[in-house]
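First up is the structure itself, then whatever we jot down about it.
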Amino acid sequence: MKKTLTQLTPIPVEFVVGHAQAKHTENQRKPYVELIQSWAEHEGMDDEGLQAVRRIAGEQLIDAQHMPKEFYQQYRQGEKAEQLIAIIQDINEKIVNNEENWTWALVMRVMIDENILLANISVNRFDAIICSMIPGKGRDTVRKNGDYDIMRDRDDTYHTWSGQSHLNPKKATNRDLCHQIALRFAPILSRKITSII
Numbered sequence: 517m518k519k520t521l522t523q524l525t526p527i528p529v530e531f532v533v534g535h536a537q538a539k540h541t542e543n544q545r546k547p548y549v550e551l552i553q554s555w556a557e558h559e560g561m562d563d564e565g566l567q568a569v570r571r572i573a574g575e576q577l578i579d580a581q582h583m584p585k586e587f588y589q590q591y592r593q594g595e596k597a598e599q600l601i602a603i604i605q606d607i608n609e610k611i612v613n614n615e616e617n618w619t620w621a622l623v624m625r626v627m628i629d630e631n632i633l634l635a636n637i638s639v640n641r642f643d644a645i646i647c648s649m650i651p652g653k654g655r656d657t658v659r660k661n662g663d664y665d666i667m668r669d670r671d672d673t674y675h676t677w678s679g680q681s682h683l684n685p686k687k688a689t690n691r692d693l694c695h696q697i698a699l700r701f702a703p704i705l706s707r708k709i710t711s712i713i
């Protein structure tokens, strides 16, 4: 094996996977997931990297070939599934880094209202799905992010919420935030997202 500058042989990926699997929490395993993903991308072996990450996570991660039944059929395969996963990962970055005032509760509202997710999905299942789309994301982090009271009435939709802040400031704010999130999903939606009125 080729020697490194430190005279140590390079660390095999299998050693990293085994070491990561011995960690007790997802937060402790996250740096190893990121390391393997970066290495796999560098080597042009994304699929192999995903397989290794799945072993670290201890559960199946969602990819374009393994989309859950809670998604509408058009988002469960091919390019749209790949785009959807990329959009979710982008939204996660915005939420984690506080770049926007978005919450996962608002994202769930948009995904149901825009016919990406079936309306009968539970908040816990939504949490499991989103966390499985983002390697290294800890369970319950989605479920605890935002006010899921907006999901109580599944016949309601953010499109019908008042945009007039003097009538209902909370709904007007949530409507605007949902519209911002919907714009992120615009490339894969069957309907055109227009500017908010």
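So the mapping is simple: the numbering used here equals the position in the sequence shown, first residue as 1, plus 516.
We put the CB at the ideal spot given by N, CA and C, even for glycine.
Quick caveat: nothing in here was measured; it's all calculated off a predicted structure.
Assuming residue i is part of the alpha helix (DSSP H), what are its boundary residues?
i	result
R668	Neither: R668 is in no alpha helix (DSSP H) and is coded neither H nor E.
W718	Outside the shown range of the chain (517 to 713) lies residue 718, about which nothing can therefore be said.
K596	G594 to V612
L750	In this structure the chain extends from 517 to 713, so residue 750 is not present and cannot be described.
E530	V529 to Q537
N472	Outside the displayed span of the chain (517 to 713) sits residue 472, for which this structure offers no information.
Do residue i and residue j have their C-beta atoms closer together than 7 Å?
i	j	result
Q537	I572	yes
P584	I645	yes
L622	L693	yes
Y664	V639	yes
I704	L600	yes
T689	N661	no
R700	I611	no
I637	E586	yes
By the three-class DSSP mapping on this structure, what secondary structure does residue i have?
i	result
L683	coil
L551	helix
L633	strand
With a 10 Å radius around its C-beta and 16 neighbouring C-beta atoms as the bar for buried, classify residue i as buried or exposed.
i	result
R707	exposed
G534	exposed
G565	buried
N543	exposed
P651	buried
G560	exposed
L521	exposed
F642	buried
Using a C-beta cutoff of 7 Å, does residue i count as contacting chain B?
i	result
L683	The structure shown contains no chain B; it holds only a single protein chain.
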